[in-house]
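Student:
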Amino acid sequence: MIEIPIRQSWLNTLSNCPEWARQDRMGLVTQKESSDMLRGNLVHSAIEQVGLAMMRGEDPTFDLMLGVIDDEFEQNVDAVDVWRQDHVRVIEIARNNAFAWYEEVRPLLDPVGVEEEFRFKLDERDGVRLVITGTADWHNRDGSIWDWKNPSRKYEPWEKKRWDIQSHVYCAAFGSTEFNLVALVDGAVQRIEIERTEAHTEALKDLCWSAAELLQSDLKVWPKRWGWWGCSPKWCPVWQAGECRGKHLGPDPW
Ligand code: SF4
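In terms of our numbering, the sequence shown is residues -1 to 252.
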């Protein structure tokens, strides 16, 4: 039996650009750490600590979140390669988002798992087993799965309901039909409720088998997708490494 592990986040990379996904899978490139990632991590860590306290039966105050944000910033500030906002603004947004979550989202929740890693068999055929891995932000007692994002602007709900892959994976992983995507946007809360059924899981299997075909091939390069915002030296690590379009156009083509 051949086992093919696929990480949930990698499916998004594959959807965005297969060649980026190939290079990522082979460990040829690494994403630069950005202040956007740090901002998201600060809020995630603060929520995680509140969730763990709730699971212990405690009633944590908002001060717990402020302390986590300050500590995490101190520990990780030097790892950031690309600052898209200054230090003060990163902390300010993280605090605003944490407060909005604490006030508006936390009262809805009763966790049984936070930052819960999963690994499950999605499907098996012809001697090949597809295994999906990932980490769920929040597994609630009512069976719903919750995920936190810290984007710069709100999402279009219909886009997420139509195309979001993460919700397919998490609902399949936990046997749930209810996925809540919570976008925290500089102190504003956007909650998008997404339903995923067995039909969505079957579609996910097809998606992952298409990925498995590529992974089992010995193609030296996978299709390159130019027509999206991430195909730029600002976002793509392949480009930044001087490969693909970066080999010809350099780091500052526009
Ligand atoms: S430069 Fe564009 S086409 Fe090439 S790997 Fe990056 S996103 Fe894909």
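We put the CB at the ideal spot given by N, CA and C, even for glycine.
A quick note: this is a predicted structure, and the numbers were derived from the prediction, not measured.
If we count the other Cβ atoms within 10 Å of its Cβ and call it buried at 16 or more, is Trp161 buried or exposed?
Tutor: exposed
Student: Spell out a yes or no on whether the segment 215 to 235 and the segment 179 to 192 are touching, meaning 3 or more CB-CB pairs, one atom from each, closer than 8 Å.
Tutor: Not touching, per the Cβ criterion.
Student: Of the choices Asn138, Val126 and Gly173, whose alpha-carbon is the least far from that of Leu50?
Tutor: Asn138
Student: What residue does the beta strand (DSSP E) around Asn138 start on, and which one ends it?
Tutor: Val126 to Asn138
Student: On a Cα-Cα basis, can you pick out the residue from Arg117, Ser33 and Asp57 that is closest to Asp76?
Tutor: Ser33
Student: Based on Cα-Cα distance, which residue from Tyr168, Trp237, Val180 and Val187 lies nearest to Glu17?
Tutor: Trp237
Student: Kindly list the residues whose CB is nearer than 6 Å to the CB of Ser165, restricted to its own chain and excluding five residues on each side of it in sequence; keep chain order.
Tutor: Phe177, Ile192 and Arg194
Student: Considering only C-alpha positions, which residue in the set Thr59, Asp69 and Leu26 is nearest to Leu36?
Tutor: Asp69
Student: Using the Cα positions of Trp99 and Leu107, report the straight-line distance between them to the nearest angstrom.
Tutor: 11 Å
Student: Would you check whether the ligand SF4 has a heavy atom nearer than 7 Å to the C-beta of Lys222?
Tutor: Checking the Cβ of Lys222 against the ligand SF4 gives yes.
Student: Does the Cβ of Leu40 have 16 or more other Cβ atoms within 10 Å, making it buried, or fewer, making it exposed?
Tutor: buried
Student: Considering only DSSP beta bridges, list what Asp145 is partnered with.
Tutor: Leu179
Student: What are the partner residues of Ile45, as DSSP defines its beta bridges?
Tutor: Answer is none; Ile45 lacks a bridge partner.
Student: Please list the segments of the alpha helix (DSSP H) lying wholly inside the segment 58 to 137, counting only runs of 4 or more residues, in order along the chain.
Tutor: You should have 60 to 74 and 85 to 98.
Student: In the structure shown, what three-state DSSP assignment does Pro3 receive?
Tutor: strand
Student: Considering Glu157, what are the terminal residues of the alpha helix (DSSP H) in which it resides?
Tutor: Pro155 to Trp161
Student: Could you tell me if Gln214 is buried or exposed, where buried requires 16 or more neighbouring beta carbons within 10 angstroms of its beta carbon?
Tutor: If you draw a 10 Å sphere on the C-beta of Gln214, you find fewer than 16 other C-beta atoms in it, and that means exposed.
Student: I'd like to confirm the pairing. Which residues does DSSP put opposite Glu287 in its beta bridges?
Tutor: For residue 287 there is no data in the structure shown, the boundaries of the chain being -1 and 252.
Student: Taking DSSP as the reference, what is the three-state secondary structure of Ala197?
Tutor: helix
Student: Assuming Trp146 and Leu182 form a contact by the criterion Cβ under 8 Å, report the distance between their Cβ atoms to the nearest whole angstrom.
Tutor: The Cβ separation is near 6 Å, so the contact holds.
Student: Rounding to the nearest angstrom, what Cα-Cα distance links Val48 and Asp121 in this structure?
Tutor: 35 Å
Student: Skipping 5 residues on each side, what residues in its chain have a beta carbon closer than 8 Å to that of Gly125?
Tutor: Counting only Cβ-Cβ distances below 8 Å, and skipping sequence neighbours, we find Met(-1) and Ile0.
Student: Please report the Cβ distance between Leu205 and Leu9, rounded to the nearest whole angstrom; I am assuming they are in contact, meaning their Cβ atoms lie under 8 Å.
Tutor: Right, the Cβ-Cβ distance comes to about 7 Å (below 8 Å), so this counts as a contact.
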